[in-house]
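Under our numbering, think of the first position of the sequence shown as 23, with each following residue one higher. Just so it is clear, CB atoms sit at the ideal spot from N, CA and C, and this is done for glycine as well.
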Amino acid sequence: FPEEAIDFLTVGEVFVQDVWITNRKDCCGGRLKNADLELLDKDMNVVDTRRLAGTVGNGHVVQTIFNENNSVGRYLRISMDRNDYLHIAEVQVFGYH
């Protein structure tokens, strides 16, 4: 199943407040649906999870709010539980370390 992981290596573990995902504009906006966003610690253990329910259209931006006491991690993983392409335009992670 498709997945993408972002490593906050340059700053180590961070407190994540928001994640903004910008979907592709040119086509296939419906492919980004029912995706899971997982915040992982340095040992790749899941510490917090959010679900993108439904479909994100072409060029749309979806904001996912973490901002909980346990929203501290080193990696952000985006995955889907079906066999389809995971292709997005941009991922922005907001928080602090």
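When the five nearest sequence neighbours on each side are left out, the beta carbons in the same chain lying within less than 6 Å of the beta carbon of residue 44 are those of 83, 111 and 112, in order along the chain. Here the region 55–68 makes contact with the region 101–109; the two share three or more CB pairs at distances below 8 Å. For residue 98, the uninterrupted beta strand (DSSP E) run begins and ends at 97–102, by DSSP.
Residue pairing of residue 25 in beta bridges, as defined by DSSP: 101. Nearest in C-alpha terms to residue 38, of all of 62, 30, 93 and 114, is 93.
Within the DSSP bridge table, the entry for residue 45 names 110 as partners. Per DSSP, reduced to three states, the secondary structure at residue 81 is coil, with no helix or strand assignment.
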